[in-house]
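Here the structure is laid out as structure tokens; the discussion comes afterwards.
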Ligand SMILES: CC(=O)N[C@@H]([C@@H](O)[C@H](O)[C@H](O)CO)[C@@H](O)CC(=O)C(=O)O
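Residue numbers (our numbering): 4 to 311.
Below, the structure written as structure tokens:
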């Protein structure tokens, strides 16, 4: 495999822009790339994941989106990771082959969650069959037990993983179990794997136990501020890093109480960036106008430590 720039820092979990009648709105992706790079200082993306409603899209739509992100991101983005997880193995494999063919910087896979793997070996066997379809592409396991219900601990999964999945590169860790994350990082003595944290409201805790970076929905519109938190942490200026985390937490705590998910993320991103993200796809339903007004007012009321 060609050596690549290590993935660290922020990764935006991309939203899938849709037209008012529910089709994929590919033409806005070029503008979206520029917005992430120029306004949010975010140069990595995770496409077709949870925020991207990947599991609500057809295989054809997922391929179109992957193509467009790779194409529009060329010479602008550092890493384009494509989520290729699905409920059945052939579709995952097809998407993995496609991601390899278009030159994606990485692929990621969630655990299948209708018939669920219950043991580590079952999960690894599934992941291995997907990874081997893209033998030159760095592979990430996407751990998101609140949505998949698959609670196999990652520190257990890591044992011997390289022998079975030579392309294994790391984990997108979307769980609040910082004990599991810390054990993974402790085992990763040589630093061969990357751990990208996925619960934005507690990223600082994950950084403290050694996460390399983060993948999340809020980095679409709070990337600039979260980057300042990463800088403060690296300095180190923990008091400043805490201020940023408290403020992003204040916003998320506010919207979570109102009811917050992918549909609401689409609405917030539309109002902050001006890029029309459109409605979500059923079974998700669009955010209410009351939510949009309150969320925007809350965001606007926050005074960030850098004065913006
Ligand atoms: C359950 C969920 O959607 N989690 C988000 C978070 O970024 C989440 O939106 C944020 O922490 C706010 O709760 C990400 O982990 C999901 C993600 O990275 C993805 O879209 O694949």
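Yeah, the Cβ is synthetic: ideal placement off N, Cα and C, and Gly gets one too.
Only a predicted model underlies this, so the values are computations on that prediction, with no experimental measurement involved.
Annotation for residue 105: 69, 70, 73 place their beta carbon closer than 7 Å to its own, counting only its chain and skipping 5 residues before and after. Under the DSSP assignment, residue 189 falls in the alpha helix (DSSP H) whose first and last residues are 181 to 190. For a cut-off of 8 Å, the C-beta gap from residue 172 to residue 109 is around 6 Å, short enough to register as a contact. Taking all protein chains shown into account, residue 141 has 16 or more neighbouring C-beta atoms within 10 Å of its C-beta and is therefore buried. Shortest Cα-Cα distance from residue 118 to any of 102, 151, 136 involves 151.
Measuring C-alpha to C-alpha distances from residue 199 to each of 36, 7, 19, 49 identifies 49 as the nearest. Here residue 82 has 10, 47, 108 as same chain residues with Cβ atoms under 6 Å from its own Cβ, once five neighbours each way along the sequence are excluded. One Cα belongs to residue 168, the other to residue 222, and the distance between them is close to 29 Å. Taking 8 Å as the cut-off, the Cβ atoms of residue 181 and residue 160 do not count as close.
Here residue 185 is near residue 212, since their CB atoms are less than 8 Å apart. Secondary structure of residue 296 (DSSP, three-state): helix.
Remark: C-beta atoms of residue 129 and residue 115 approach each other more closely than 8 Å. Residue 285 is classed as exposed because its beta carbon has fewer than 16 other beta carbons within 10 Å across all chains shown. Cβ neighbours of residue 66 within its own chain (closer than 6 Å, five residues either side excluded): 101.
In the assembly as shown, residue 20 is a buried residue. Its beta-carbon has 16 or more other beta-carbons within 10 Å. Per DSSP, residue 77 lies in no beta strand (DSSP E) and is assigned neither H nor E.
By the beta-carbon neighbour count (other beta carbons within 10 angstroms, threshold 16), residue 207 is buried. Partner residues in a beta bridge of residue 222, as assigned by DSSP, do not exist.
The residue from 174, 283, 162, 237 with its alpha-carbon nearest to that of residue 190 is 162. Just so you know, the alpha carbons of residue 260 and residue 194 end up roughly 38 Å apart. Taking 8 Å as the cut-off, the beta carbon of residue 266 is found no closer than this to the beta carbon of residue 295.
In this structure, ligand 1 has a non-hydrogen atom nearer than 7 Å to the beta-carbon of residue 204.
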